[in-house]
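Novice: Please find one structure pasted underneath; my questions will follow.
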Amino acid sequence: MMHIDFESQVPIYVQIAEMIKNDIIKGIFEEGSQVPSTTEISVNFKINPATVAKGYNLLVEEGIIYKKRGVGMFVCKDAKATLIEIRREDFYNNYIKALLVEAEKLGFSKSEVMDMMKGEKR
Amino acid sequence: MSSIQIKNVSKKFGKAEVLSQINLNFEENKIYGLLGRNGVGKTTLLNMISNRIFPTKGEILVDGDRISEKPAIVGKIFYMTEKNLYPEGMTVEKAYMWTHAFYDGFDMEKAIELSRKFGLDIKKKMKSLSTGYHTIFKTITTLASNAPIMIFDEPILGMDANHREIFYKEVLNSYIENPKTIILSTHIIEEIADLLERVVIINDESIMLDEEVAQLIEKAYTVSGREEKVNQYIQDKDCIHEGIMASFKSATIKGSISELDRELIESLELEVARVELQKLFIYLTGTGGKW
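If you read the protein sequences in the order shown, they are chains A and B. So the first sequence is numbered by this note's numbering: it starts at 153 and just counts up by one. So the second sequence is numbered by this note's numbering: it starts at 310 and just counts up by one.
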């Protein structure tokens, strides 16, 4: 779901970029296909156009989307594979580490966590 | 494509000073939020910008021209006032025609299209419009004006949620189609916060804050956690608000978070959050508020 968290510490323009990236990974926006225009994002989410443009510029700089003059913004070739590669690198830091921190807080041992992952009852 | 410069402007009504030495720029093609509590002089400032009343001291320039010397320059501004200036017995349609006669750029077709979108019956007379539709009528007139500077004073007063949604979308559409300087003066801050590029807060007769909304996130933040830990964190910080619920405390701090702060936040097990514009406004303009 396209979603912006207006209370988050993450700047809105970064969230806009993340939202588009998520939908590329999910296959909602396929390679070579058009992504929403900055106007559509701005009007739908009631966000200042300059903020939206900043988010889109980030995506262009990262080689995720490109601009076809007078037509709109499109998903780059291999964007999905690139994004998945980056997400894989972040997976340990963003998920596994956080999981272990929470498990420790609750008093689960690593082997208990492993058992849960394997789908076994404690 | 127009800008407004306010230079050293003061305004007195009798002996009472309403605004004192205001210096402020409304840069071209930006959407501004003009905020302030009741009676701080927002409307007074807007009335001076549109040359309806005159500063006691100082001067106001539109695109570099002093409005005191070249009043015609005010034609670049379309100002939606709180008060309705049209005769009670006039129909909405007539009022549009009237506006068109006085204001060259006024787009009649646009006004009718917007009336349809908002569900405003153009055959109705001014006196039979509800509060919400009164506001809608004035809002439409401003949106259809095509002016390079549009000023809305309490544009959403009495509007229901659907109408407000239409309003925000139409403001953005109008801005995107044809970039212009937009000033929104309102008390409903939460809904418009992310629509704005810059925010201006007036308090105690002067400009308290004039910032880019996106920058505010780096200028203030909120931390929360156990009271003594929060106290430990804020002891050398510029704190603008503190709130306590049992042993839970939250504090809003002016400044940005350094690497050292981050480490401290983690070791004290504090949570960090963004300060919403509305909350920041309340903290700053409440009793004893400062920035």
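C-beta atoms are modelled at their ideal positions from N, C-alpha and C, and glycine is treated no differently. Since we're looking at a predicted model, the values are computed, not measured.
Can you tell which of GLU418/B, ARG583/B, ILE340/B has its C-alpha closest to the C-alpha of SER559/B?
Specialist: Among GLU418/B, ARG583/B, ILE340/B, the Cα nearest to that of SER559/B is on ARG583/B.
Novice: Smallest Cα separation from TYR477/B: which of SER194/A, VAL187/A, GLY184/A, ASN174/A?
Specialist: Out of SER194/A, VAL187/A, GLY184/A, ASN174/A, SER194/A has the C-alpha closest to the C-alpha of TYR477/B.
Novice: Distance, Cα to Cα, TYR405/B vs GLU418/B?
Specialist: Distance between the alpha carbons of TYR405/B and GLU418/B: 10 angstroms.
Novice: Exposed or buried, which one is PHE181/A when buried takes at least 16 other CB atoms within 10 Å?
Specialist: Buried.
Novice: In chain B, which residues lie less than 7 angstroms from ILE163/A when you measure between Cβ atoms?
Specialist: Residue identity check: residue 163/A is Pro in the sequence provided, not Ile. The contacting residues are ALA523, ILE526.
Novice: Would you say VAL195/A lies against chain B (beta-carbon separation less than 7 angstroms)?
Specialist: Chain B, which has a Cβ nearer than 7 angstroms to the Cβ of VAL195/A, makes this yes.
Novice: CB TYR592/B to CB HIS550/B, shorter than 7 angstroms?
Specialist: Taking 7 angstroms as the Cβ cut-off, TYR592/B and HIS550/B qualify as a contacting pair.
Novice: Going by DSSP in three states, ILE217/A sits in which element: helix, strand or coil?
Specialist: If DSSP states are grouped into helix, strand and coil, ILE217/A belongs with the strands.
Novice: When you compare only the Cα positions, how much space is there between ASN356/B and LEU481/B?
Specialist: ASN356/B and LEU481/B: Cα-Cα distance of roughly 24 angstroms.
Novice: Using a beta-carbon distance below 7 angstroms, is ILE549/B in contact with chain A?
Specialist: No - not a single Cβ of chain A is within 7 angstroms of the one on ILE549/B.
Novice: Shorter than 7 angstroms from the beta carbon of TYR341/B to some beta carbon of chain A?
Specialist: Chain A, which has no Cβ nearer than 7 angstroms to the Cβ of TYR341/B, makes this no.
Novice: Jot down the residue ranges of each uninterrupted alpha helix (DSSP H) in the segment 376-419 of chain B, minimum 4 residues, whole runs only, in chain order.
Specialist: List check, alpha helix (DSSP H) in window: 401-411.
Novice: For a cutoff of 7 angstroms on Cβ pairs, would you count ASP503/B as touching chain A?
Specialist: For ASP503/B, the answer is yes, since a Cβ of chain A falls inside 7 angstroms of its Cβ.
Novice: At 4 residues or longer, what runs of the alpha helix (DSSP H) sit wholly inside the segment 488-566 of chain B?
Specialist: 498-501, 522-528, 536-543, all fully within the segment 488-566 of chain B.
Novice: On the DSSP letters alone, give me the boundaries of the beta strand (DSSP E) that SER329/B sits inside.
Specialist: That run of the beta strand (DSSP E) goes 325-335.
Novice: Does PRO188/A come within less than 7 angstroms of chain B when only Cβ atoms are used?
Specialist: Not an interface residue.
Novice: Please report the straight-line C-alpha distance between THR365/B and VAL318/B, rounded to a whole angstrom.
Specialist: Between THR365/B and VAL318/B, the C-alpha separation is close to 7 angstroms.
Novice: Which residues in chain B sit within 7 angstroms of GLU159/A, going by Cβ to Cβ distance?
Specialist: In chain order: ALA582, ARG583, GLU585.
Novice: Is it buried or exposed, ARG507/B, if we count other Cβ atoms within 10 angstroms and call 16 or more buried?
Specialist: So ARG507/B ends up on the buried side.
Novice: The beta strand (DSSP E) that contains PHE197/A, what's its start and end?
Specialist: Counting along the chain, PHE197/A falls outside any beta strand (DSSP E), though it belongs to the alpha helix (DSSP H) covering 190-197.
Novice: If we define contact as Cβ-Cβ less than 7 angstroms, is ALA202/A a contact residue for chain B?
Specialist: Cβ-Cβ to chain B under 7 angstroms: yes for ALA202/A.
Novice: Note down, in chain order, all residues in the segment 250-266 of chain A with a beta-carbon under 9 angstroms from any beta-carbon belonging to chain B.
Specialist: Answer set for the segment 250-266 of chain A: empty.
Novice: Measure the CB-CB distance between TYR442/B and LEU429/B and report whether it falls below 7 angstroms.
Specialist: Yes. Within cutoff.
Novice: To the nearest angstrom, how far is the alpha carbon of ILE199/A from that of PHE158/A?
Specialist: Taking the straight line from one Cα to the other gives about 10 angstroms.
Novice: In chain A, which residues lie less than 9 angstroms from LYS478/B when you measure between Cβ atoms?
Specialist: Simply VAL195, ASN196, LYS198.
Novice: With a threshold of 6 angstroms (Cβ to nearest heavy atom), would GLY398/B be considered close to the ligand FAD?
Specialist: Absence of the ligand FAD from the depicted structure is noted, as is the absence of any ligand whatsoever, leaving it without description.
Novice: Would the segment 254-270 of chain A count as touching the segment 207-219 of chain A if we require 3 or more Cβ pairs under 8 angstroms?
Specialist: Contact between the segment 254-270 of chain A and the segment 207-219 of chain A is absent, because fewer than three Cβ pairs lie under 8 angstroms.
Novice: For the segment 322-342 of chain B against the segment 488-504 of chain B, do three or more pairs of beta-carbon atoms, one drawn from each stretch, fall closer than 8 angstroms, so that the two count as touching?
Specialist: Verdict: yes, contact present.
Novice: Note down the Cα distance separating SER439/B from GLN161/A, rounded to an integer number of angstroms.
Specialist: In a straight line, the C-alpha of SER439/B is about 41 angstroms away from that of GLN161/A.
Novice: Give a yes or no on whether the minimum CB-CB distance between ILE485/B and chain A is below 7 angstroms.
Specialist: For ILE485/B, the answer is yes, since a Cβ of chain A falls inside 7 angstroms of its Cβ.
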